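Colleague: Quick note on numbering: the sequence shown equals residues -17 to -1, 1 to 406 in mature numbering (1 follows the signal peptide of the UniProt record, and there is no 0).
By construction, the Cβ of each residue, glycine as well, lies at the ideal position given by its N, Cα and C atoms.
Fair warning: this is a prediction, and the values are worked out from it, not measured in the lab.
After the structure tokens below, expect a handful of questions from me.
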Amino acid sequence: MLYINILLQLLLPAAVASWSVSYYPRSICAFERASVDFSCMFDCSDCRTLKKTYWFKPGAHQKQDGSQVGISVYNSEAAKIHQMYKNRTAYANRDKNCSLQLHNVSKSDTGMYFFRFETYSSRGKYTGPGGINLNVAVLPFRVTVKTKKVNEQIHEGDSVTLTCSTENCTPTQEPFAWFKNQHLIPEATDSVLQITSVSHDDFGNYSCGLKNSSTTSADEILLDVRYSPKNVKIAVLPSGKIQEGNSLTLICKSDANPAATNYSWFMIKEAYVSYIGSDREFSIKSASQKDDGQYFCTAKNDMGSQNSTVAALKVEVPSHRNFFLTATAVFLFLMAVLLVMFGLIIRRRKQFTSKKQPKEQTSAVSVTEEIYENLRKSPESEENLTTNVIYVDLRHLSSTSDRPRCNSQEDGTMIYSLLSYKD
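Take a look at the structure:
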């Protein structure tokens, strides 16, 4: 008998050395209320002598390496299964297959799980080393944003990583779905969304979840991309035709983050550019034709600036005003023509008068000469030589004479003239 005991002691270590348990996978991450599979295979020298098989989970204050048997998750002796695991497990119970299925997992199920078998031998107990680590992901999903920037401000051109995760762990066995502003991003199906060079188009609210489930979507998180003003343009209020005398407002609009805070207004007229304002809005209280021209604005923030496209303004004058202006212009034109013609007439008359004046002077001399030719000495003057007065008579020519006439009262009247006086 002694020899038999010695032989068993010598053979038992060799037999135990051939016992083994293999697990797959070694780590599992599952969502709450999901089912998990602990795949397991075991081997022993003489499995026909198996006494008991079971799965256990070490307690919170026990070693987690399997050296201490904890809570019984499954046991071939059903009465020994812990209350919290009853009716939640399914054992494979096939030759050398020790796989276990655990249903409706919760956060409290997180921990290490081991398979153990016993034989009828006093020392025939074996626990498979390593075990399986179960992590239970607690919903909802959450999105985290990481960048290489120290100050965490994201500028255009930066590399950004968005990660969809849950508390404890993130299952990767199912495809993910990513959403931007509640719109699906078709090409994004992994738990990580990588943007190598962000632009202003990437600015927005992002969320994630499982592709085949809408109940696990994460809360939205803002991807705050900072960029200089884009798409700067001018809005004119009210829209439509601009009538003379009406008021209007020009608004400088832009897409920027942070929002533009500095604005400048310019007017282009007759190839000259003039600075006209510094607010976001430029108002004209009473529009007139002097406001006709092209306008543009500049929007600026801490990231940069951009000019708007040019907006052309044309102020329309009422039709009756156009008629009045046209009539006035025609009247002024006619007046100008009349003044020019009158000036030409005056000028030609002066020229005519200056040419005619010498002829009149010559005629006057001729008349005088002819008058003096008609003078003759009076008879009385010859008889009365002692008198001091000499008289002559002036015969007036008849109206039939070709010579010019002098001043006279009537035809034939004699005009006496005192010619000389003698001492």
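Determine the burial state of Ala222: buried for a count of at least 16 other Cβ atoms within 10 Å of its Cβ, exposed for fewer.
Modeller: Checking the sequence shown, residue 222 turns out to be Ser, not Ala. Flag for Ser222 reads exposed.
Colleague: With the cut-off set at 9 Å, would you say Phe97 and Trp38 are in Cβ contact?
Modeller: Result yes, Cβ atoms of Phe97 and Trp38 sit closer than 9 Å.
Colleague: Relative to the C-alpha of Ser104, which residue among Ser269, Tyr246, Cys30 is closest?
Modeller: Minimum Cα distance to Ser104 is reached at Cys30.
Colleague: What does the alpha-carbon distance come out to for the pair Ile(-12) and Ser50?
Modeller: Residue confidence for Ile(-12) is low, a pLDDT of 41 falling below 50, so the modelled location carries little weight; the figure read from the coordinates is stated next. Their backbone Cα atoms lie some 27 Å apart in a straight line.
Colleague: Give the DSSP-derived three-state secondary structure of Cys235 in the structure shown.
Modeller: Strand.
Colleague: Since Gly192 sits in a beta bridge, which residues does DSSP pair it with?
Modeller: Bridge partners of Gly192: Ala160.
Colleague: Under three-state DSSP, which class holds Ser55?
Modeller: Strand at Ser55.
Colleague: Can you tell which of Asn164, Ala13, Ile329, Ser59 has its C-alpha closest to the C-alpha of Gln156?
Modeller: For Gln156, the nearest C-alpha among the options comes from Ala13.
Colleague: Can you tell me which of Lys297, Val300, Tyr246 puts its alpha carbon nearest to the alpha carbon of Phe279?
Modeller: Comparing Cα-Cα distances from Phe279 to each of Lys297, Val300, Tyr246, the minimum goes to Tyr246.
Colleague: For Leu322, count neighbouring Cβ atoms within 10 angstroms of its own Cβ and tell me buried if that reaches 16, exposed if not.
Modeller: With fewer than 16 other Cβ atoms within 10 Å, it is exposed.
Colleague: Just to confirm my understanding: we take Gln272, look at its own chain, exclude 5 residues before and 5 after, and list those with CB closer than 8 Å. What are they?
Modeller: Within the same chain, Gln272 has close Cβ partners Glu227, Val298, Val300.
Colleague: Measuring straight from C-alpha to C-alpha, what distance separates Trp2 and Phe100?
Modeller: Taking the straight line joining both Cα atoms gives about 10 Å.
Colleague: Using the DSSP secondary-structure output, state which residues sit across from Met95 in a beta bridge.
Modeller: BP columns for Met95 point to Asn116.
Colleague: Check Ile328 in the structure and name its three-state DSSP category.
Modeller: Ile328 falls in the helix class under three-state DSSP.
Colleague: Inspect the beta-carbon positions of Val175 and Gly140 and report whether they are closer than 9 Å.
Modeller: Not closer than 9 Å, so no.
Colleague: Could you tell me which residues DSSP puts in a beta bridge with Glu264?
Modeller: DSSP lists Ile234 as partners of Glu264.
Colleague: Could you give the distance in angstroms between the alpha-carbon of Pro8 and the alpha-carbon of Ser22?
Modeller: Cα to Cα, the separation comes out at about 7 Å.
Colleague: Measuring alpha carbon to alpha carbon, tell me which residue in Thr149, Asn290, Ser237 is nearest Ser200.
Modeller: Among Thr149, Asn290, Ser237, the Cα nearest to that of Ser200 is on Thr149.
Colleague: Flag this pair as yes or no: are the beta carbons of Val126 and Asn151 separated by less than 9 Å?
Modeller: Not a contact, by the Cβ cut-off of 9 Å.
Colleague: Is the beta carbon of Ile178 sitting closer than 9 Å to the one on Leu145?
Modeller: The answer is yes: Cβ separation under 9 Å.
Colleague: Per DSSP, Ala282 forms a beta bridge with which residues?
Modeller: In the DSSP output, where bridge partners are listed per residue, Ala282 has Tyr246, Gln289.
Colleague: Quick one: using the 10 Å Cβ neighbour count with 16 as the cut-off for buried, is Phe325 buried or exposed?
Modeller: Classification for Phe325: exposed.
Colleague: Quick one, are the C-beta atoms of residue 466 and Ser261 less than 9 Å apart?
Modeller: The displayed coordinates of the chain run from -17 to 406. Any statement about residue 466 would go beyond what the structure contains.
Colleague: In terms of alpha-carbon separation, which member of Thr36, Ile217, Asp92 lies closest to Ala294?
Modeller: Measuring from the Cα of Ala294, the nearest candidate turns out to be Ile217.
Colleague: So what does Thr318 bridge to, in DSSP terms?
Modeller: What sits at residue 318 in the sequence shown is Met, not Thr. Paired residues: none, contrary to the question.
Colleague: Drop a sphere of 10 angstroms on the beta-carbon of Lys268, count the other beta-carbons inside from all chains shown, and report buried for 16 or more, exposed for fewer.
Modeller: The residue is exposed, with fewer than 16 neighbouring Cβ atoms inside 10 Å.
Colleague: Quick one: give me the first and last residue of the beta strand (DSSP E) that Gln177 is part of.
Modeller: Here the beta strand (DSSP E) through Gln177 covers 175 to 178.
Colleague: Return the residue from the list Gly287, Met95, Thr72 that minimises the CA-CA distance to Gln84.
Modeller: The option with the nearest alpha carbon to Gln84 is Thr72.
Colleague: Per DSSP, Thr78 is paired with what?
Modeller: Per the sequence shown, the amino acid found at residue 78 is Asp instead of Thr. Paired residue(s): none; Asp78 is not in a bridge.
Colleague: Identify the residues that DSSP records as bridge partners of Ser257: which are they?
Modeller: For Ser257, which the question treats as bridged, DSSP gives the partners Met250.
Colleague: Quick one: measure Cβ to Cβ for Ser288 and Ser211, integer angstroms, because I've assumed they're closer than 8 Å.
Modeller: That pair is a contact at about 7 Å.
Colleague: Straight-line CA distance for Val215 to Thr172?
Modeller: Going from the Cα of Val215 to the Cα of Thr172 covers about 35 Å.
Colleague: I need the boundaries of the beta strand (DSSP E) containing Trp38, first residue and last residue.
Modeller: Start and end: 33 to 40.
Colleague: For Ala43 versus Val88, is the C-beta distance shorter than 9 Å?
Modeller: No, the Cβ-Cβ distance between Ala43 and Val88 is not below 9 Å.
Colleague: Can you tell me the Cβ-Cβ gap for Leu167 and Glu15, rounded? I've got them flagged as a contact below 8 Å.
Modeller: Not confirmed; about 25 Å, so no contact.
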